[in-house]
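So the sequences go chain by chain: Z and E. Under the numbering used here, residues 596 to 1392 are what the first sequence spells out, in order. Under the numbering used here, residues 600 to 877 are what the second sequence spells out, in order. Below is one structure, written out as structure tokens; the observations come after it.
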Amino acid sequence: MFSSFQCRLRSLSLLGALTLSLIASGRSDVITLRFAASESLDGQRICNRLIAEYEASHPNIRIERAYVSDGGTYFEKILLMFAAKLQPDVVLLTAGDQVPLATRGAIQDLKPFLNNSSGIQQSDYFPNSIEMLSFEHHVYALPRSLVPTGLIYYNRQLFREAGVAYPSPDWTWSLKARPKLKEHDFVWVMERLTKRNGNKVTQYGMGVSWPQLWFFTLLKSSGLSAWDSNEHPTKMTANDPKVVDLMQFVSDTVYKDRFLPNQNDLSGLNTNSHDQFVQGKLAMFQSGSWEVGNFAKQIKGFDWDVVPFPAHEGDAPQALGNASGLAMITGTKHPREAWEFMKFMSGPRAQTLLAQAGMEIPSLRALASQPGIWLAKDPNSQPKGIPYTVLAASSEQKDIVPDWFQPITEDVQSTAYHVLNSERPVRQTMEQLQSEGTQLIDFAQKRRSRPPYPTGAALAVGAAILGALLLWLFWPSANKPTSRRERTIGWKALPFLLPWILGLSLVLGPMLYSLLISFAETDLITAPKFAGIENYTDAFKVDTVFPISLRQTFIFAAMSVPVSTMAALAFALLLNQTVPAIRFFRGVYYIPSLVSGVAMSLIWLRVFNPESGLLNYIVYGPDGRGNFLGIGHLLSWLAGTPGKPVEWLTNPRTVLPAFVMMGAWGAGGGAIIFLAGLQGISQTYYEAAMIDGANALQRLKNVTIPLLTPTTFFVLTTGIIGAFQIYTESVVMTQGGEPDHATEFYMVHLVAQAFNYLKIGYANALAWILFVIILIVTVIQLRMANRWVFYEGGDSA
Amino acid sequence: MKNSRIFKIGLPLAVLIVGAIGFIMPLLIMVFMALKTPTEIAHSSPWQPPKEPTLANFGFLLSDPTFNFPRKAFNTLLLCVVPTIGITLSAALTAYPFARMKFRCRDKAFILLLSTMMLPGAITLIPGYVLYAKLGWIDTFYPFLIPAFLGGGAFNIFLIRQFMLGIPAEMDEAAILDGASHGRIFSQILLPNCKPVLATIAIFTLVGTARDFLGPSLILSSPDRQTIEVGLRGLQTAHTTDWNYLMAGSLLVFMPVFLMFVFFQKFFMKGIALTGGK
């Protein structure tokens, strides 16, 4: 007791002494710099270490950290910070992120700092790392790393077995086969390493980390593009004969020559190309530098190496890559200190730590070529090809386009996904991309000059809306005259409702703001402009995805709500039985709502896999030709692919039924609600029914179902609201909209508008259109409830 | 007689077990992966049990200073338990007048209540964030704690109201004749009868808050204020995932919630044999 008091006293005096010494040395004004970064746990560890070192050597500086590991959420958070004027001083950016921020004046051009700074020069960096973080000749971030994605990892053992010499960095590729070049021809190598047994491929020669990487790397490598210019695109070149030929080549490598597995067969863990390579079943695998660290840990039993992606015949080597760097927010109070901190966080010390951890390739030229810097933990496990990859990294590029062009690049991504996931007529697909992209460009280039947003008038309108709402609430109903008694009870309700009324301001305020901003053009960074009703008219007149997303959402809701509600009721009736361990079973049926989304997606990808999935195994048997109870042929016919097993998640006709099945599997949440409702039914009703001689079915029909109607009404109403707002499943399972916009649900479209394209005003207009739709559906439900919902405890609403 | 007993217990049990297999699968995958090394995960199917089970993944998460599990566990517990209490109580309080009292604007106020569910959260989070910033609540726990006591959310209020409407009105009418106040009817008649639905809301809120990623990662910044779910995302990057740690961590969140749900049921749920008693 005494000692702890003494201890406290001592620490107090220590604190006092410290404060005094600070004042004495004139450094009482500690500067706080706010730093935000998107970092994994390993990245956070290194950042923490660096910050501790920096604070130790700069006692007048304190660093406030904000890490968000998920890239999308990170960007959203930065935007929200701008909206609330809480923006940090220094942010970590990935190549491409600088465009939306720089074009809105949110981050500063670093050239003046680079020109006047000691100890650091632009020429110290690989030029491509600077380029990837620039826009319109301004440098917006100090490069911290290069992340090449044009690396080919190869299994040396499989090369020896096939009698093919190891690839050398000077290999090339071409659309036409060149057998004379042997191992110097990439296509020849893929061919030789693909092993077949009759019609079945037993070993693929090549695999890619994600589907689109294959198309975009080949496109970049042959110096082509699907649009005319990166910084100032004006037209699409997707139907250019050369681009079409390339896409045909991409399709052929998967469907004709079958050098690469169809990505559709390889969704899910342990069946994807990465894991196939680790297991020694894939000869070559294209991915990024981050795999070096993974493979060093995971690969056992064969030797492997890495080589840069081959150059296109006659062209300089060129592939896709990425970079990250530190940017300075405009208007920071301490630009000098921020600059010094940025230099440290992206300097040689930081880059060494990141490279040694096997995470990032240094962007500083002198550092990158230092032998052994990469993966210093275990120099023996270093593949010999590492020096080449550094070389390759210095030639890699990323397409830095203006942010209004983003929807078009996403359309190109989506097209590449389709061509790689299911066989399609290539020319036709590319013509469609051409016309869609051209439409999008026309729309985006119609920049309208708009007046500034009239904030004062908007506030007045907001107040008027609130007043009208109150008036509506208290306006006496025509057919229900209020009696004296009802008015008095009205006052008695107030104490019960007071917390809710207080909380309502936290809800209605944001709703009102959202309504007012839906008439604006705003991006959270620059001052809003007045758009009138154009956001609403654009949805119906210009936005081609809007009607599709609305239709798909309606179809999904119409299928999913009845199925999920029935499933939940069935589960609840089952879980309400008195059998042993019933509490445990209730827990088990609720598991789908408890486990993480990734665990869920792992399961479902395996269930829906067309070739090895559980569902098709049951329906079509192990050989894929069966016809379980005649369902197989029927399903194939309904899916529009007669004679072939259903490709559940990549066929636009079957993807929604697949989503409905997933919803039914997760009906445990609804079952718990029904279960609570069942608990509320008094046992006396069942006893009375039994005295009357009712059997189990009659009791269900005449007691349970009617007395459960208040719960059923709840599950239906909230189920419809939830189904209209479906979002996560699409993002986790089908890349947020594939195939052919079939899962581009309303909310998926809306969130993309808000946080990918920064059309916040438009997204709010979309939200209010959805609001009105749901409100109408709900009010109809409330009106109809009088007819079928039975309340024991009073009148209905 | 004996046959019918077997039928009454055996049949539902058989159906329950068949269904349970489908629901246990994700849990099984999580447990298997949490007990494997990264090498084994890369080399084996997720359905395969670990050959040499290891607890090292749990050991790493519990002891890693950057992950700081004790701190995150405390934050998570605080951000689960307090809102769960607040939401359950205040939702019941708000539901009562909507179910049991007559007042002039009740039905319209109810539509207003429902309408607060209809605007997507992704949109209202922008003005919500700005509002919290104005209140000085960013990077504090207040946005998670205080609103929980102010109404408890439309979904929960609506659910309790439906349940209360299913409770026979004779009970409180008798109490009114005895001169009981609304406060007493609420606390002594309706609340005890609402146990199953209150427990349902408590479990939903507990799961929802424990699994919440977006809220804490947008509003909280200091590493010391993070929750487990946010920390676990740090094990997934755009291209690689530390499945072994991720699954071990997910289990650390999953197990307490699951066990609580299984064991606390006996306080609020009874089974009714639908196929009949004696």
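The C-beta atom is built at its ideal place from N, Cα and C for all residues, glycine as well.
Spatial neighbours of residue i within its chain, please: C-beta separation below 6 Å, excluding the five flanking residues on both sides.
i, result
"Z/LEU705", "VAL734"
"Z/ALA922", "VAL686, LEU688, ILE702, TYR735, ALA736"
"Z/PHE872", "PHE880"
"Z/ILE1375", "none"
"Z/LYS1041", "none"
"Z/PHE1350", "GLU671"
"E/ILE628", "PRO645"
With DSSP as the reference, please indicate the residues paired to residue i in a beta bridge.
i, result
"E/ILE800", "E/ILE800 pairs with nothing; no bridge assigned."
"Z/LYS795", "Z/ASN792"
"Z/LEU628", "Z/ILE658"
"Z/ILE702", "Z/ILE924"
"Z/HIS907", "Z/TRP768"
"Z/ILE747", "Z/GLN881, Z/VAL902"
"Z/SER729", "Z/VAL734"
"Z/PHE919", "Here residue 919 of chain Z turns out to be Ser, not Phe, going by the sequence shown. According to DSSP, Z/SER919 bridges with Z/THR689, Z/SER740."
"Z/LYS1402", "Past the edges of chain Z, shown from 596 to 1392, lies residue 1402 of chain Z, and the structure says nothing about it."
"E/THR840", "E/GLN835"
"Z/GLN992", "Z/LEU915"
"Z/LEU959", "Z/TYR720"
Short of 7 Å in beta carbon distance, which residues of its chain neighbour residue i, apart from the five on each side in sequence? Order them along the chain.
i, result
"E/ALA691", "ILE759, LEU790, CYS793, LEU797"
"Z/THR1329", "LEU1244, VAL1250, THR1338"
"E/PHE606", "none"
"Z/ALA1234", "VAL1241, ASN1246, ARG1248, THR1249"
"Z/ARG1378", "none"
Excluding the 5 residues preceding and the 5 following residue i in the sequence, name in chain order all residues of the same chain whose CB lies nearer than 8 Å to its CB.
i, result
"Z/PHE897", "ASN750, ARG751, GLN752, LEU753, GLY875"
"Z/LYS775", "none"
Using the rule of at least 16 other Cβ atoms within 10 Å of the residue's Cβ for burial, across every protein chain shown, is residue i buried or exposed?
i, result
"E/PHE862", "exposed"
"Z/THR1050", "exposed"
"Z/LYS815", "buried"
"E/SER689", "buried"
"Z/TRP556", "Past the edges of chain Z, shown from 596 to 1392, lies residue 556 of chain Z, and the structure says nothing about it."
"Z/GLU1018", "exposed"
"Z/PRO1046", "exposed"
"Z/ASN1204", "buried"
"E/GLN787", "exposed"
"Z/ASP780", "buried"
"Z/LEU1197", "buried"
"Z/VAL1346", "buried"
"Z/VAL1343", "buried"
"Z/TRP1232", "exposed"
"Z/ALA1122", "exposed"
"Z/HIS869", "buried"
"Z/MET801", "buried"
"Z/LYS830", "exposed"
Please report the Cβ distance between residue i and residue j, rounded to the nearest whole angstrom; I am assuming they are in contact, meaning their Cβ atoms lie under 8 Å.
i, j, result
"Z/ALA821", "Z/VAL845", "The pair is not a contact, with the Cβ atoms about 12 Å apart (cut-off 8 Å)."
"Z/SER1188", "Z/GLY1264", "5 Å"
"Z/ASP637", "Z/MET954", "6 Å"
"E/LYS879", "Z/ARG1178", "Chain E is shown only over 600 to 877; residue 879 of chain E falls outside these bounds and no answer can be derived."
"Z/LEU841", "Z/LEU813", "6 Å"
"E/GLY782", "E/THR693", "That pair is no contact at about 14 Å."
"Z/THR1236", "Z/THR1312", "No, Z/THR1236 and Z/THR1312 are not in contact; Cβ-Cβ is about 37 Å, not under 8 Å."
"Z/TRP809", "Z/SER1113", "About 41 Å separates the two Cβ atoms, so there is no contact after all."
"Z/GLN992", "Z/GLN807", "Rounded, the Cβ-Cβ distance is 16 Å, inconsistent with contact."
**Prompt:** Should the region 1309-1319 of chain Z be called in touch with the region 606-619 of chain E, which here means at least 3 C-beta pairs below 8 Å?
**Reply:** no
**Message:** I want to know whether the region 714-732 of chain E touches the region 1284-1304 of chain Z - three or more CB-CB distances under 8 Å.
**Reply:** no
**Prompt:** Quick check: the region 893-910 of chain Z against the region 632-642 of chain E, are there 3 or more CB pairs under 8 Å?
**Reply:** yes
**Item:** Segment contact flag, the region 933-943 of chain Z with the region 762-782 of chain Z, C-beta cutoff 8 Å, min 3 pairs
**Value:** no
**the region 1112-1126 of chain Z / the region 1348-1359 of chain Z touching (three or more Cβ pairs under 8 Å)** = yes
**Asked** Is the region 827-838 of chain E close to the region 662-678 of chain Z, with three or more CB pairs under 8 Å?
**Response** yes
**Request:** Please determine if the region 647-664 of chain E and the region 806-814 of chain E are in contact, where contact requires at least 3 C-beta pairs separated by less than 8 Å.
**Result:** no
**Message:** Could you check whether the region 816-824 of chain E touches the region 671-685 of chain Z, counting it as contact only if at least three pairs of C-beta atoms, one from each stretch, sit closer than 8 Å?
**Reply:** yes
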